[in-house]
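Below you'll find the structure, written out as structure tokens, and then a few comments.
Residue numbers (our numbering), protein chains in the order written: chain A, 1197 to 1449; chain B, 3 to 249.
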């Protein structure tokens, strides 16, 4: 009963908060009365048009594909290197300095250098995103590897677990929270970087479109694309990340 | 016939502190354990008992000497009950037992072990929701389940309250009587050791060596009898006064 009331009021709060935001926007648009701040209805119209024409799904899809490829490469490489550095002190002492340098290179610099050195190609775009993301993954997974429970590793060794079994039954469940943290922060980071990558050197994708709208001062389209973008991020969180969290944490007290 | 032969000339640690001193843990230790014999190792804390078990389990191979288990040393199956239960928290009680098998886990055996240890009702529960005594029992089942060549137990009842410790001890004892195995059991509790063991091995402070090796001749069916245990203990302490200083 109590939780039921709470849930109801919780979703009511969400609805109310979104409505208030929409109301402020509507009010501001009517006060300013300029095409640089279109009404919510106008943005919804544009959103519907570009969705039906297939323009928005195409560019969103291209960006999502780039995201998927660069994210996967960064995660796989980052996990492997992170585990290696977490396990091997000498290796870590050597490469730690590289990490610090790469963590502090501005994203824009990597992007420009990749385009200058490798041309305005798809591979250069992917590489630029991977290089920006990789150090973060490595640092997070390295922390996770250092925190591995030695008692459980000894248990696995005394019961003669082979490497594969040790990894999947003992190590991976402990790394999982760190991988999820790297995934979340990684997605947030890549979303932002990938737009700049597309804006600077690709002829399709969300970044390219946003650049186009900027040149045309087409704020309605810009906002329509932005909302699609935000919606996709939320969908990934709800449909992919939260269920993964729940599955992995069901044993916790 | 001896099941385990331990012959260690030297085990030296380099201490991790700044002084980098060498610290000799074991010097010239010879020990043979017969098949299905229950042997208790007793000694002051920090004397190197856990180190010795880790060496037998193959977790520590930096020593001079030989440890032979059965006919084959490297491939011997070890059931190790650690001081803390060391269960995998992301697996249920049953999964924790099943995970140590290389082939398909034997369902009937696991069922009966769970019943013997009075854990059938909680086999689908995650370990962190169980009491420490129950977690210890799961760890004991895990060690028995693989039918090991040797069972190593490192103070498996420590930090349990007295009634829980006695309960787990009795359960372990009846389990071992039904399924005899060679056991090396580390303890610092003389009464517990007398109640369980065929032989008591008293160890010195480091560098560790054997001070005395005493058979326990109380019949198996009288091990539950506190007065028998107490009488044996009195006799032991009066005949070997040196032991008092060790415990």
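From the three backbone atoms N, C-alpha and C, an ideal C-beta is built for every residue, glycine too. All values reported here derive from a predicted model rather than from experimental measurement.
Contact of residue 84 of chain B with chain A by beta-carbon distance below 8 Å involves 1347, 1350 and 1351. For residue 187 of chain B, the enclosing beta strand (DSSP E) begins and ends at 185 to 189. The Cβ atoms of residue 12 of chain B and residue 24 of chain B lie no closer than 8 Å to each other. With respect to residue 106 of chain B, residue 153 of chain B sits apart: the two C-beta atoms are not nearer than 8 Å. Between the alpha carbons of residue 1331 of chain A and residue 1240 of chain A lies a distance of about 39 Å. Rounded to the nearest whole angstrom, the C-alpha separation of residue 238 of chain B and residue 1442 of chain A is 57 Å.
In the three-state DSSP reduction, residue 25 of chain B falls in the strand class (E or B).
Of the candidates A/1324, A/1377 and A/1313, the residue whose Cα lies closest to the Cα of residue 1301 of chain A is A/1324.
With fewer than 16 neighbouring CB atoms inside 10 Å of its own CB, residue 1313 of chain A falls in the exposed class. At least 8 Å separates the beta-carbon of residue 102 of chain B from that of residue 58 of chain B. About 7 Å separates the beta carbons of residue 173 of chain B and residue 139 of chain B, which is inside the 8 Å limit, making them a contact pair. Between residue 231 of chain B and residue 196 of chain B, the beta carbon gap of about 5 Å places them in contact (Cβ cut-off 8 Å). Judged by DSSP in its simplified three-state form, residue 1310 of chain A adopts helix. The alpha-carbon separation between residue 206 of chain B and residue 44 of chain B amounts to approximately 9 Å. For the stretch 93 to 151 of chain B, the full-length alpha helix (DSSP H) segments reaching 4 residues or more read 95 to 100, 109 to 118 and 134 to 147 along the chain. For residue 139 of chain B, no Cβ of chain A is located within less than 8 Å of the residue's own Cβ. Taking a Cβ-Cβ threshold of 8 Å, none of the residues of chain A is close to residue 65 of chain B; the smallest such distance is about 16 Å. Between residue 38 of chain B and residue 182 of chain B, the C-beta spacing is below 8 Å. Take residue 132 of chain B, set aside five residues on each side of it, and the residues of its chain with a beta-carbon closer than 7 Å to its own are 124, in chain order. Closest option to residue 1350 of chain A, judged by alpha-carbon separation, among B/60, B/30 and B/175: B/60.
Scanning chain A for C-beta atoms nearer than 9 Å to the C-beta of residue 60 of chain B yields 1353, 1354 and 1356, reported in chain order. Of all residues in the stretch 94 to 110 of chain B, only 101 and 102 place a beta-carbon less than 7 Å from a beta-carbon of chain A. Where residue 165 of chain B is concerned, the enclosing alpha helix (DSSP H) starts and stops at 164 to 180.
Contact between residue 1281 of chain A and residue 1424 of chain A does not hold, since their C-beta atoms are separated by about 38 Å, which reaches or exceeds 8 Å. In this chain, the beta strand (DSSP E) harbouring residue 201 of chain B covers 201 to 205. Judged by beta-carbon spacing, residue 1397 of chain A lies within the 8 Å limit of residue 1316 of chain A, meaning their Cβ atoms are closer than that value. A residue is called buried once 16 or more other Cβ atoms fall within 10 Å of its Cβ, and residue 94 of chain B is buried on that count. Taking 8 Å as the CB threshold, residue 90 of chain B lines the interface with chain A. Cβ atoms of residue 1337 of chain A and residue 1279 of chain A come within 8 Å of each other, at about 6 Å.
The CB of residue 1375 of chain A never comes closer than 8 Å to any CB in chain B; the least such distance is about 14 Å. Within 9 Å of the CB of residue 80 of chain B, the CB atoms of chain A belong to 1354, 1355 and 1356, in sequence order along the chain.
The bridge partners DSSP lists for residue 70 of chain B are B/7. Looking at the DSSP output, residue 156 of chain B bridges to B/188. Taking C-beta atoms under 8 Å as the contact rule, residue 83 of chain B and residue 158 of chain B qualify, at a distance of about 5 Å. The C-alpha of residue 1353 of chain A is placed about 20 Å away from the C-alpha of residue 129 of chain B. At a Cβ-Cβ threshold of 8 Å, residue 1429 of chain A and residue 1262 of chain A do not count as neighbours.
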